[in-house]
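One line per chain: the protein sequences are A and B, in this order.
Using the working numbering, you'd call the opening residue of the first sequence number 1 and step up by one each time.
Using the working numbering, you'd call the opening residue of the second sequence number 1001 and step up by one each time.
From the three backbone atoms N, C-alpha and C, an ideal C-beta is built for every residue, glycine too.
Everything numeric in this text was worked out from a predicted model, so none of it was measured.
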Amino acid sequence: MSGLTVARRLDWDEEESYFHSESDIKLRVDNVTKEFYVKGFGKAPDQTTVIALDGLTLEVKRGEFLVLLGPSGCGKTTLLDMFAGLSFPTSGSISIDGQPIKEPGLDRGIVFQQYALFPWLTTFENVEFVLANNNAPKKERVKKVKELIKMVGLEGFENHYPYQLSGGMKQRAAIARTLTFDPEILLMDEPFGALDSQIRELLQQELLHIRDQTGKSILFITHSIEEAVYLADRVAVLTARPGKIKQIIDVPISRRERLESEDIRSDPLFSETRHLLWTLLRDEMSKSQEIKEGKAHED
Amino acid sequence: MKIKNIALSILETLKSVAAIFCLLLLWEIAPRLQWVDPFFIPPLSSILVAFWHLILSGEWEKLALVSLKRVFIGYSISVVIALPLGFIIGWFKRCERILNPLLQALRQVNATTILPLFILMFGIGEVSKISIIAYSGIWSVFMNTINGVKNVDPLLIKCAKSLKLSNWQIFRKVAFPAALPSVFTGLRYGITIALLLLISAEMLGGTSGIGYAINNWQMLSKAEQMWSGILTMVIFGLVFNYSFIALEKRMSRWKEDAPRG
Ligand SMILES: Nc1ncnc2c1ncn2[C@@H]1O[C@H](COP(=O)(O)OP(=O)(O)O)[C@@H](O)[C@H]1O
Ligand SMILES: [Mg+2]
């Protein structure tokens, strides 16, 4: 039993070479704090400050699959908005390839929990959206869109409107749209959170295949421990609000095993990691519960 | 499954046709049996005969054209004013916040209430009629356009921003298509109200048009002709309403539940 574990850990070490060197950092979050100023009203007219993130530091290596795991309300989406260039840290800095993020850019591809497909466009038009918007040559773009639609398994649904698709299909279309412009890093905010568990597992598996084919760096946000263990090279556990990194752990399961194993979830290493994450998260879950209840008392 | 659906919808159509048919039948019988005074409500058949004569004599066409022209010009003016303004005000949030109270107050000014004012200002000629129609049609187009633009799903805006669209592109490719169904609902309400105000304006001060004619026939106790005029307006209303619903449906193909009459 222990022999097996060691063997696997060696396997993991070999894989480290995939991250060419330690200095090869794709995305760096340096001591980031984010505060929101909430205008008061009614009985509490004073402006209050909500500290969403408090001194968060994190690195995503090139080609890495990093999962951010944290209780809801701990500031995950807030962080992702800043990666996207849609909002900015109150203090600290965020950079991609050493360049501070100043605005949105197509070097980052964002996948939202609620899909964010344009409801008046068909699957094909949605996937084509960014290319069409940037006037990519018609022939190339049709070819690329068809290719990606095939890759995410939506053939035959090109002319469906989003309301005619299931949740899983919508998210597949959204992922395909993101892949059209070939971003270097995928930022995914609880993308499978609204799906039922079977579709969810299927899409997780497909995402690993897509990563395998495209080699992209992925930052994936979730509050599901199971999902984190299944997908991540590394898991960064966040504290309850204000969010900062509680601990970062390596998942001792190789990429090859995940892709090839029939049932990696029942592997002892999987359970161990899950348990470790669970203990880390448990305290934060109850803290975030306290924050909510405390707030309820104030109201 | 499909056949069952078709059968059901045929049944529904039959039911509603049956309802109309019953009403028409009642309209024929009731005056003849003196359930109602045929002097006020003549039997349907005699109305239709009068209607037919109006058409043959060319009188109906003259009246209808005058009225349709007024609605067309008045309503076009409302659309030309309300659509661009609605899009601009809906898009610029601050603009909307500042103007909203004013708009809400103005909207309460019922068009019929200020019809006399328009007549005072523009006389009883075409200008006052067309401007009151334009004024009445503006509001629903305006308000529905503002709401359509304002209520675009913020997630879609966020997504568009992250896809590096410029503000103008976001307006054109996100806010505009998202607002279209609401805009068309506004256009439909607008034409309905414009038709209402057409009749009021023509009745209050006019020497031509369907509204004037209805009023005139009433004073001459020509009930059959008067009812022909009323039927004309019902037909116009139905035609406009259903064509606009068809347009609206086309614009909302991508919505789960397209609007229904
Ligand atoms: N625009 C905002 N104004 C005020 N508070 C906000 C805003 N956005 C987020 N917050 C607060 O910041 C905290 C973190 O939110 P969020 O990042 O959405 O959490 P998560 O995605 O981890 O569930 C929450 O308490 C939320 O209420
Ligand atoms: Mg969130």
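- Linking D97(A) to E1248(B) through their CA atoms gives a straight-line distance of about 49 Å.
- By the Cβ test, the region 1186-1200 of chain B is in contact with the region 1133-1143 of chain B, since at least three Cβ pairs between them sit closer than 8 Å.
- Per the DSSP secondary-structure output, I1119(B) pairs with nothing in a beta bridge.
- Cβ neighbours of Y37(A) within its own chain (closer than 7 Å, five residues either side excluded): Q47, T49.
- Per the Cβ contact rule, the region 105-125 of chain A is not in contact with the region 57-68 of chain A (fewer than 3 Cβ pairs under 8 Å).
- Near chain A, meaning a CB-to-CB distance below 8 Å, the residues of the region 1159-1171 of chain B are C1159, K1161, S1162, L1163, K1164, L1165, Q1169.
- Taking C-beta separations shorter than 6 Å and ignoring five residues to either side along the sequence, the partners of G92(A) in its chain run D30, N31, V32, T33, following chain order.
- Straight-line measurement puts the Cα of L259(A) at about 8 Å from the Cα of Q205(A).
- Note on the region 1206-1244 of chain B: whole alpha helix (DSSP H) runs with a minimum of 4 residues are 1210-1219, in chain order.
- Residues of chain A with a Cβ closer than 7 Å to the Cβ of L1247(B) do not exist; the shortest Cβ-Cβ separation is about 15 Å.
- N126(A) is outside the set of residues whose beta carbon lies under 8 Å from a beta carbon in chain B.
- Remark: the shortest separation between the CB of R241(A) and any heavy atom of ligand 1 falls under 7 Å.
- For N133(A), the three-state secondary structure derived from DSSP is helix.
- Note on geometry: alpha-carbon atoms of I1077(B) and S1136(B) lie some 11 Å from one another.
- Residues of chain B whose Cβ lies closer than 7 Å to the Cβ of F112(A) are, in chain order, L1155, C1159.
- Taking C-beta atoms under 8 Å as the contact rule, G1074(B) and I1114(B) fail to qualify, at a distance of about 15 Å.
- Contact between E35(A) and T90(A) holds: their C-beta atoms lie close to 5 Å from each other, under 8 Å.
- For V1080(B), not one C-beta of chain A is nearer than 8 Å to its own C-beta.
- For F1051(B), the enclosing alpha helix (DSSP H) stretches over residues 1044-1056.
- If you look at A1194(B), you'll find it in the alpha helix (DSSP H) that goes 1176-1204.
- Of all residues in the region 1229-1256 of chain B, only R1253, W1254, K1255, E1256 come within less than 8 Å of chain A when Cβ atoms are compared, listed by chain position.
- When DSSP states are grouped into helix, strand and coil, G1090(B) belongs to the helix group.
- In this structure, D189(A) has its CB closer than 7 Å to one or more heavy atoms of ligand 2.
- Distance from the C-beta of G92(A) to the nearest heavy atom of ligand 1 is not below 7 Å.
- At least one heavy atom of ligand 1 sits closer than 7 Å to the Cβ of F36(A).
- I1089(B) and C1095(B) have their C-alpha atoms roughly 6 Å apart.
- Not a single CB atom of chain B sits nearer than 8 Å to the CB of L66(A).
- Contact residues of the region 68-100 of chain A toward chain B are D81, A84, G85, L86 (C-beta to C-beta distance below 9 Å).
- Distance between V251(A) and F192(A), taken at the CA atoms: about 20 Å.
- Counting only Cβ-Cβ distances below 9 Å, V1183(B) has no contacts in chain A at all, with the closest Cβ about 13 Å away.
- Per DSSP, Q247(A) is one residue of the beta strand (DSSP E) stretching across 245-250.
- Cβ atoms of K1161(B) and I1170(B) come within 8 Å of each other, at about 7 Å.
- Relative to ligand 2, the beta carbon of T77(A) is positioned inside 7 Å of a heavy atom.
- Contact between the region 1042-1062 of chain B and the region 1206-1225 of chain B is present: 3 or more CB-CB pairs across the two stretches fall below 8 Å.
- Within the same chain, I1133, A1194, L1195, L1198 come within 7 Å of V1071(B) by CB-CB distance, once the 5 residues on both sides are set aside.
- Put simply, the CB of V130(A) is near chain B, with a gap under 8 Å to one of its CB atoms.
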